[in-house]
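I have placed the structure first, in the form of structure tokens, so that the comments after it can refer back to it.
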Amino acid sequence: MPRLSEVIAALDALWPPERAEGWDAVGTVCGDPDAEVDRVLFAVDPVHEIADEALKLGAQLIVTHHPLYLRGTTTVAADTFKGKVVHTLIKHDIALHVAHTNADTADPGVSDALAGALDLRITGPLVPDPTDPEGRRGLGRICELDHPETLADFAARAAARLPATAQGIRLAGDPEALVRTAAVSGGSGDSLFDAVRAAGVDAFLTADLRHHPASEAVQHSPLGLVDAAHWATEWPWCEQAAAQLDALSDRHGWDLRVHVSKQVTDPWTTHHSSGAPN
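Residue numbers (this note's numbering): 154 to 431.
Put into structure tokens, the structure is as follows:
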């Protein structure tokens, strides 16, 4: 059975913390480096439901994509929701490790998993990492479809392949326009519109698209927009990351049991179509 420090070293080799953005908060939040680990849980969000799931599973390590503390704090008091998570984890000897923007730009990374969930063929990163001589790392991915399909069908593909959320899938642009190429970016992607336009793709699948950037994007060009829930676009990474750790466990003879949480931790829980009845 490996020690936590050994498992963390393996995770850091997959997603080196030095490749995270300067504003990010990645790495180990809590955990005893000398503690033994035989069960690991992957999830998007470090929330109470995930801590409880780890406790029920008997996991000694949770790996999440989103940080628990993205900004500094002066307290981990248990009467705060984040403090309560920390207290629960420490009380039950459960470690928490975060791979965020260092997993976004990895090879494979978050957007590779998103493209894989939709069976898209990746041709390269949307925003290449200039430090990668092979040109494989970076934000987002540029993809090709095996066969052209309408923007409406492409959005339906996303709705069918990604986990169900209250938001579902939003579409902007001509539903009948043909999609041969697409850019994808897990998580919030409306800061990437310049790169998407430069790539000359037919559609852009991402999350958290705001009104003004989306409006300007469809006015600039016939680009089709497919907007999914943030959590849904990043959840496929959990399965990809779990498979990577499984392979490392086999290589090292660790016999880890690796799980992926299927709990929907997207904060939106209900959706109503707007508009007065006819």
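From the three backbone atoms N, C-alpha and C, an ideal C-beta is built for every residue, glycine too.
Bear in mind the structure is a predicted one, so any value in this text is a computation, not a measurement.
Have a look at the DSSP bridge pairing and note the partners of residue i.
i: L331; result: T303
i: V280; result: L292
i: S341; result: A360
i: A336; result: I295 and F357
i: V216; result: F195 and H250
Assign residue i to one of three DSSP states: helix, strand, or coil.
i: D380; result: strand
i: A270; result: helix
i: E189; result: strand
i: V182; result: strand
i: L125; result: A question about residue 125 goes unanswered here, because the residues of the chain that appear run from 154 up to 431.
i: T318; result: coil
i: T386; result: helix
i: E369; result: helix
i: L194; result: strand
So, using beta-carbon positions, are residue i and residue j closer together than 8 Å?
i: R290; j: L279; result: no
i: D380; j: T359; result: yes
i: T217; j: D246; result: no
i: A382; j: F307; result: no
i: Q213; j: A252; result: no
i: L271; j: L345; result: no
Just reading off the alpha helix (DSSP H) that residue i is part of, what are its end residues?
i: V239; result: F234 to K244
i: H250; result: Here H250 belongs to no alpha helix (DSSP H); instead the beta strand (DSSP E) covers A248 to V251.
i: R156; result: Careful: R156 lies outside any alpha helix (DSSP H) and carries neither H nor E.
i: T254; result: T254 to D257
i: V349; result: F346 to A352
With a threshold of 16 other CB atoms inside 10 Å of the CB of residue i, please say whether the residue is buried or exposed.
i: L223; result: exposed
i: P389; result: buried
i: E369; result: exposed
i: F122; result: With the chain covering only 154 through 431, there is no way to say anything about residue 122.
i: H365; result: exposed
Mind checking which residues open and close the beta strand (DSSP E) that includes residue i?
i: V229; result: Careful: V229 lies outside any beta strand (DSSP E) and carries neither H nor E.
i: L208; result: Where L208 is concerned, there is no enclosing beta strand (DSSP E), although the alpha helix (DSSP H) it sits in stretches over H201 to L210.
i: R410; result: R410 to V413
i: A325; result: R323 to A325
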